[in-house]
Amino acid sequence: MTRRTEWPDSPEPGGPASGYGAADGFAAERGAAADEDGARSGRRSRGGPGARGGFGEGAGRRGRSGTRSSGSPSSSRAGEGEPRGSGEPRDPVEQARGICLRLLTGTPRTRKQLADALRKREIPDEAAEEVLSRFEDVGLIDDAAFAGAWVESRHHGRGLARRALVRELRTKGVDSAVIDEAVGQLDADQEEETARELVARKLRSTRGLDRDKRLRRLAGMLARKGYGEGMALRVVRQALEEEGEDTEGLDEPF
C-alpha cells in the first residue's frame, strides 16, 4: 500500500500544489478561460493601460503594473479590489476571479470554501455565482475529486477513519452524496488494518502502565480518529494479548 503525504489541516495559499490535479494544469486552464472571456472583457474596455483583463494571469499583471490616468504607477492595492486611479471601482467579476485564482494556487478548494471567501470580501452574489460556475466548467473546482483526494490523503497520512473523514468533509461544504462516494473507497478491512498500525505505533509508549490505563489510552486514540467502539476494543485487546497481557474482562465497553 502506497502512503501519501497528508494535507495540512489549514493549508495556506501559496504553498505547494497538491490534491486532485487541478493545480497541474492550472496555467493551461486559466489560459483557455482567458481566451474565452477576453472578448467579453474587450467589450467593456477597448484596450490601453487601464483595460480590464479577463480570466488569466494577464489580469493580475495589469492590476500590479498598470498606470494611473496621470501616468504615475498604480497603487499596489489595485490588485486587491481597491478603487483605481480614475476613481472607478474594479468589476466585481474580475475581482472574484482574482481572489479565486489566488486561493487555488496554494491548494485545491471546494466550491463552498471559495464562495465563503468571496462573501467575506463582499463580492456580489451574482458575480460570485458567475465565476464559481465558470471555474467548475473548466475543472478548477471539482468537489468530487477534492473529496476523493482528501480521503486518500487523510486516511493514509493521519489514519482517520470514515466517520472522522465524513465530519471533515462536511465542514468544507461537500455534498452528502459526494462524501458517501468518497469515503466508500475505504472498506472495513482496510480501516481495521490502519487501526492496527496505529495501535502498534502507540503501544510501546504505554508499556509500564497498568492494563486498564493502556486500554483507555489506546482505545481513546482510535476513538479520536473516528473508529467505532467495537473495532477499537477488538484491535486494542488483540494487541495487548500479543504482548502477553491478560485481557480477561476487556469485553466491556470502555
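Just so we're on the same page, the numbering used here is the position in the sequence shown counted from 1, plus 383.
Cβ atoms here follow ideal geometry from the backbone N, Cα and C, with glycine treated the same way.
Practice item. Below 8 Å CB to CB, which residues in the same chain sit around R546 once its five sequence neighbours on both sides are set aside? Key: So the qualifying residues of the chain are G609, Y610 and G611.
Check your understanding: Skipping 5 residues on each side, what residues in its chain have a beta carbon closer than 7 Å to that of D520?
Key -> Correct list: empty, nothing qualifies.
Practice item. Find out if the Cβ-Cβ distance for the pair R638, G556 is shorter than 8 Å. Key: It is not possible to answer for residue 638, since the shown part of the chain is limited to 384 through 637.
**Study point:** Buried versus exposed call for G712 [16 or more other C-beta atoms within 10 Å across all chains shown]
**Key:** In the structure displayed, the chain extends from 384 to 637; residue 712 sits before or after that span and is not available.
Review point. From A510 to R607, what distance separates their C-alpha atoms?
Key: Near 41 Å, if we compare the C-alpha coordinates of R607 and A510.
Point to revise | Nearest-angstrom Cα separation, counted from E564 out to D526 | key: In a straight line, the C-alpha of D526 is about 11 Å away from that of E564.
Practice item. Output the boundary residues of the alpha helix (DSSP H) element that contains S536. Key: Per DSSP, S536 is one residue of the alpha helix (DSSP H) stretching across D526 to R541.
Check your understanding: How is the alpha helix (DSSP H) around L548 delimited, first residue to last?
Key -> Segment R545 to T554, the alpha helix (DSSP H) holding L548.
Practice item. Keeping to the same chain, check which residues put their C-beta closer than 6 Å to that of A479; ignore five residues upstream and five downstream. Key: The answer, listed in chain order, is L501, I506, A510, A511 and V514.
Review point. E628 lies in the alpha helix (DSSP H); which residues open and close that run?
Key: For E628, no alpha helix (DSSP H) segment is defined, and its DSSP state is neither H nor E.
Exercise for review: Taking V618 and E575 to be in contact with their CB atoms under 8 Å, please state how far apart those CB atoms are, rounded to whole angstroms.
Suggested key: Confirmed, Cβ separation roughly 7 Å.
**Study point:** Boundaries (first-last residue) of the alpha helix (DSSP H) holding S516
**Key:** D508 to D520 is the span of the alpha helix (DSSP H), which, as asked, contains S516.
Exercise for review: Measure from the alpha carbon of D629 to the alpha carbon of each residue in G603, R594, L616 and L601, then state which is nearest.
Suggested key: If you compare the alpha carbons of G603, R594, L616 and L601 with that of D629, the shortest gap goes to R594.
Point to revise | Cβ-Cβ separation, L586 to M604 (assumed contact under 8 Å), whole Å | key: Not confirmed; about 10 Å, so no contact.
Check your understanding: Between G531 and the rest of its own chain, which residues show a CB-CB distance below 6 Å, the 5 nearest in sequence each way excluded?
Key -> Around G531: A565.
Point to revise | Three-state secondary structure assigned by DSSP to Q592 | key: A small fix is needed here, since residue 592 is Leu in this sequence, not Gln. Coil, per DSSP.
Point to revise | Best match in G613, A602, K596 and R590 for proximity to E626 [C-alpha to C-alpha] | key: For the residues G613, A602, K596 and R590, the minimum Cα distance to E626 belongs to R590.
Check your understanding: Does DSSP put V619 in a helix, a strand or coil?
Key -> In the structure shown, V619 sits in a helix (DSSP, three-state: H, G or I).
**Study point:** Own chain, CB closer than 6 Å to V561, minus 5 neighbours either side, in chain order
**Key:** Closer than 6 Å at the Cβ level, and outside the excluded window around V561, lie D526, A527 and A530.
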